[in-house]
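S.K.: So that we are looking at the same thing, I have put the structure below in C-alpha cells.
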Amino acid sequence: GAGVSSALIAVISRKLELSRAEKHVNNFMADSKLTNQRKNAAASVLQETWFIHKYKKALHKGDELRLRHHQRRFLHSINEFRRIKWDQRKLQEKGNSLLDVGKLHSDMHETLWEMHRAQDHFISQIDMLTQKIVELQQTLSATQPMTAGVACCSQRPPSAPTAPHGEMTSQPMLNSSASIPRISVANHHFHHNNNGSLSNGCMILDSKLYNQCQVGQLSQCPTGGRYATVTTPLMHSYEEV
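Residue numbers (my numbering): 10 to 250.
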C-alpha cells in the first residue's frame, strides 16, 4: 500500500509539473501583471498626495476628516507599492533560475571559439614578425663586412709624392680635421732616434722647430731617401708650414 501510494504521488506530481516553456510563459504573464499593479500603485500614491495637499488648504468643516482618510489611503498605497516591488524582485530571481542551460553552453562555446581564433591570429602575427626580424639580422650581418672594407679603404692615407733630393715639400693632406694639417717632408734634414720618432722636430720655412710633431707614416722614395707623413700642431693656415 505504501509503495503504491508513493508511486501514485510521483506520477501525479510529474504530470502536474510544468514544462520549461510553460514556466517561461507563466513568469512572463506574472511579470506583466505585477508591472500593471506597480503603475496603479504609483498613480494612487500621487493621487492621495494631491488630495492631502488639497484638504490641507481647505477651510470648510469636515475637511479634517477627509484629510485623515486620504492620509490613511496614502500610507496604504505606499505599502502596496513596496509589496509589488518585492514581488517583482522575487519573480526576477525565479526567472534567472530558469535560464536555458543549453543556450548558456552554446554561448560559452562560441565565446571560447572566438578567443581561440584571436589567439591563433596573434600567434601567426608574432611568427611573421619573428621571421622578418631574423631576415633583417641576416641582411645586416651580410652587409657589415662590406661596410667595414669600404671604411678601411676610405681611411687609408695616400702615398707621399716624390720630391727632389735636398728640398722640402710642403703638401697638405686630406684629413677629417681641418685644424690639424698633415705634410710630407724629406727626412734627410733630420735624423731619427732609436725608437723611430723625430729627434730635432720638423723643419719649417721660417726655421722654427716644433717638437710636438708626430710621425704618421714612413715610406721609401723610388728615387732614393725616405719620406715621412707627420702631424703638426694647431695651425691657422697651410701657409705657416
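Just so you know, even glycine gets a beta-carbon here, dropped at the ideal spot from N, CA and C. Values in this document were obtained by computation on a predicted structure and should not be read as measured data.
What is the C-beta distance between Lys94 and Arg47, in whole angstroms, given that I count them as a contact (C-beta under 8 Å)?
M.R.: Right, the Cβ-Cβ distance comes to about 7 Å (below 8 Å), so this counts as a contact.
S.K.: Could you check whether Ser86 and Glu119 sit closer than 7 Å to each other, using their CB atoms as the reference points?
M.R.: Going by C-beta atoms, Glu119 is not nearer than 7 Å to Ser86.
S.K.: Where does Leu43 land, buried or exposed, given buried means 16+ other C-beta within 10 angstroms?
M.R.: Leu43 comes out buried.
S.K.: Does the beta-carbon distance from His78 to Ile61 come in below 7 Å?
M.R.: No, the pair does not count as a contact, with Cβ atoms beyond the cut-off.
S.K.: Helix, strand or coil for Pro181, going by three-state DSSP, please let me know.
M.R.: Here Pro181 scores only 43 on pLDDT, less than 50, and its place in the model should not be relied on; the value that follows carries that caveat. Coil.
S.K.: Distance, Cα to Cα, Gln128 vs Lys141?
M.R.: For Gln128 and Lys141, the distance between alpha carbons rounds to 20 Å.
S.K.: Indicate the three-state DSSP secondary structure (helix, strand or coil) for Ser208 in the structure shown.
M.R.: Its pLDDT being 41, under 50, Ser208 is placed unreliably in this model, and the value from its coordinates should be taken loosely. It is coil, neither helix nor strand.
S.K.: Under the rule that 16 or more other beta-carbon atoms within 10 Å means buried, what is Arg191, buried or exposed?
M.R.: Below a pLDDT of 50, predicted positions are generally treated as unreliable, and Arg191, at 44, falls in that range; the measurement from the model is reported next regardless. Its Cβ being crowded by 16 or more others within 10 Å, Arg191 is buried.
S.K.: Are Glu26 and Ala50 close, meaning C-beta to C-beta below 7 Å?
M.R.: No, the pair does not count as a contact, with Cβ atoms beyond the cut-off.
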